[in-house]
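Asker: Pasting a structure here, questions to come.
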Amino acid sequence: MKKALQFILALFLSTQVWAQVNPISEANEMYKNGEYEKAIQAYEFVLDTHLEAPEIYFNLGNAYYKTGEISSSILNYERALLFSPNDKDIQYNLDLARKHVLDKFEVLPEIFIKRWFSGIRNSFSANIWSYFSILFFLLMLTFACFYLYSNKSGLKKLGFFLAFFAFGISIMTYSFASKKTDEINIREHAIIVSPSVTIKGSPDKSGTELFLLHEGTKVKVIGELQDWRNILLSDGNEGWLKKEDIEMI
6 MKKALQFILA LFLSTQVWAQ VNPISEANEM YKNGEYEKAI QAYEFVLDTH
56 LEAPEIYFNL GNAYYKTGEI SSSILNYERA LLFSPNDKDI QYNLDLARKH
106 VLDKFEVLPE IFIKRWFSGI RNSFSANIWS YFSILFFLLM LTFACFYLYS
156 NKSGLKKLGF FLAFFAFGIS IMTYSFASKK TDEINIREHA IIVSPSVTIK
206 GSPDKSGTEL FLLHEGTKVK VIGELQDWRN ILLSDGNEGW LKKEDIEMI
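Below, the structure written as structure tokens:
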């Protein structure tokens with residue numbers, strides 16, 4: 006009994022000590038005190054432990070923004086948005102940081118139905134869509150029971166219709182969850198981190214110079230060859246640049 010109490014006491018004390026030296030709390034405190042460089046180091050340390058959360062990326066983006074490192078702030082706001090796509094604070098700060106980016110591009114128009122589905126999918130995170138998928142699957146099973154075991158023809162028809170509808174919604178929300186998960190695990194977009202970079206027509210230093218991009222610009226990586234990356238812009242233009250000129254979101 007005495008050993009058990011000692012163990013519980015030791016566990017409680019270790020928990021209290023951990024709470025006091027929690028690196029996230031320390032980083033937040035540094036940020037509040039205006040120690041942005043130290044806060045950046047603390048947040049980066051947390052991320053190096055493979056602990057990811059929208060709040061960490063958001064606070065890190067804020068710290069970078071305070072130090073004038075616009076490309077790094079945009080990079081971390083974009084990462085935060087992957088985990089929490091409907092967070093208005095993240096989107097507001099991202100839009101604010103983007104105003105400092107020199108490059109402005111027209112976005113190619115999307116088919117209405119594709120844009121509509123993308124808007125719905127981006128309304129929630131992968132976890133939320135997963136919960137919706139499970140919920141509608143359970144509803145489908147419930148309505149299927151009405152269809153299988155009800156003695157009334159009207160209730161059987163209603164059960165069949167509702168089960169079919171719930172199954173369709175479950176499949177759709179599962180696809181949304183899968184797509185959002187892929188966006189997190191398979192990063193396709195990147196941010197230009199070099200002050201300026203000349204985009205080449207081929208993966209070679211002697212390649213034709215196409216156009217110039219500046220730090221903070223978001224690009225899509227569509228191919229790679231050794232240390233070169235083939236990038237696509239929102240206006241449809243593409244070209245090649247060195248791997249070290251970008252950082253994947």
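Quick note, in the working numbering, the sequence shown goes up one by one and the last residue is 254. We put the CB at the ideal spot given by N, CA and C, even for glycine. Remember, it's a predicted structure, so these values are computed and weren't measured experimentally.
Okay, do the segment 225 to 236 and the segment 204 to 211 touch, 3+ Cβ pairs below 8 Å being the bar?
Answerer: Result yes; three or more Cβ-Cβ pairs closer than 8 Å.
Asker: Please go through the same chain and pick out, in chain order, the residues whose beta-carbon is closer than 6 Å to the beta-carbon of Ser128, but skip the five residues on each side of it.
Answerer: The residues are Asn91.
Asker: Grouping DSSP H, G and I as helix and E and B as strand, with all else coil, what is Phe12?
Answerer: With a pLDDT of 40 at Phe12, under the threshold of 50, the modelled position of this residue cannot be trusted, and the question is left open.
Asker: Could you please give me the residues that DSSP links to Leu217 through a beta bridge?
Answerer: Beta-bridge pairing links Leu217 to Thr203.
Asker: May I ask you to list the residues that DSSP assigns as paired with Leu230?
Answerer: Leu230 pairs with Trp233.
Asker: Within 10 angstroms of the Cβ of Arg84, are there 16 or more other Cβ atoms? Answer buried if so, exposed if not.
Answerer: Flag for Arg84 reads buried.
Asker: So which of Ile79, Gly228, Ser138 and Trp134 has the shortest CA-CA distance to Phe172?
Answerer: Measuring from the Cα of Phe172, the nearest candidate turns out to be Ser138.
Asker: Please tell me whether Glu42 has its Cβ less than 7 Å away from any Cβ of chain B.
Answerer: Structure shown: chain B not included; a single protein chain is present.
Asker: So Ser199 and Glu220 are in contact, right, with Cβ under 8 Å, and what is the actual spacing, rounded?
Answerer: Ser199 to Glu220, Cβ: 6 Å. Contact.
Asker: Which ranges would you report for the alpha helix (DSSP H) in the segment 118 to 174 if only whole runs of at least 4 residues count?
Answerer: Counting only runs of 4 or more, we get 131 to 154.
Asker: Here's a check: name, in chain order, each residue in its chain whose Cβ is nearer than 6 Å to the Cβ of Ala149, leaving out the five neighbours to either side.
Answerer: Cβ within range, chain order: Ala168.
Asker: If we ignore side chains and look at the alpha-carbon of each, how far apart do Asn156 and Phe170 end up?
Answerer: Approximately 21 Å between the Cα atoms of the pair.
Asker: Are the Cβ atoms of Thr222 and Asp53 separated by less than 7 Å?
Answerer: Going by C-beta atoms, Thr222 is not nearer than 7 Å to Asp53.
Asker: Count the other CB atoms, across all protein chains shown, that sit within 10 Å of the CB of Leu80; report buried if there are 16 or more and exposed otherwise.
Answerer: Buried, because 16 or more other Cβ atoms sit within 10 Å of the Cβ of Leu80.
Asker: Quick one: using the 10 Å Cβ neighbour count with 16 as the cut-off for buried, is Glu74 buried or exposed?
Answerer: Buried, because 16 or more other Cβ atoms sit within 10 Å of the Cβ of Glu74.
Asker: Report all residues from its chain with a CB closer than 7 Å to the CB of Lys247; omit the five preceding and five following residues, and keep chain order.
Answerer: Here the set comprises Asp232 and Trp233.
Asker: Within 10 angstroms of its Cβ, does Phe166 collect 16 or more other Cβ (buried), or is it exposed?
Answerer: Classification for Phe166: exposed.
Asker: How long is the line joining the alpha carbons of Val226 and Ile251, rounded to whole angstroms?
Answerer: Their Cα atoms are separated by approximately 10 Å.
Asker: Tell me whether the beta-carbon of Arg126 lies closer than 7 Å to the beta-carbon of Phe181.
Answerer: In contact: Arg126 and Phe181 (Cβ atoms closer than 7 Å).
Asker: Which one of Tyr69, Ser201 and Tyr136 has the shortest CA to CA distance from Leu99?
Answerer: Cα-wise, what sits closest to Leu99 is Tyr69.
Asker: Throw me the rounded Cβ distance for the Ile29 and Ile61 pair, which I believe falls under 8 Å.
Answerer: Rounded, the Cβ-Cβ distance is 7 Å, consistent with contact.
Asker: In the DSSP assignment, find the unbroken beta strand (DSSP E) run with Lys247 in it and report its ends.
Answerer: Glu243 to Lys247 is the span of the beta strand (DSSP E), which, as asked, contains Lys247.
Asker: Using alpha carbons as the reference points, say which of Leu146, Lys161, Tyr97 and Leu144 lies closest to Tyr152.
Answerer: The residue with the shortest Cα to Cα distance from Tyr152 is Lys161.
Asker: Between Trp245 and Ile204, how many whole angstroms is the CB-CB distance? I'm expecting something under 8 Å.
Answerer: That belief holds up - the Cβ atoms of Trp245 and Ile204 are roughly 7 Å apart, short of 8 Å.
Asker: Going by beta carbon distance, what residues of the same chain come within less than 7 Å of Tyr48, once the five residues before and after it are set aside?
Answerer: Correct list, in chain order: Ala32, Ile61, Asn64, Leu65 and Ala68.
Asker: Beta carbon of Phe216, beta carbon of Ser175: below 7 Å?
Answerer: No. Outside cutoff.
Asker: So, Ala131 versus Thr178, is the Cβ gap smaller than 7 Å?
Answerer: Not in contact: Ala131 and Thr178 (Cβ atoms no closer than 7 Å).
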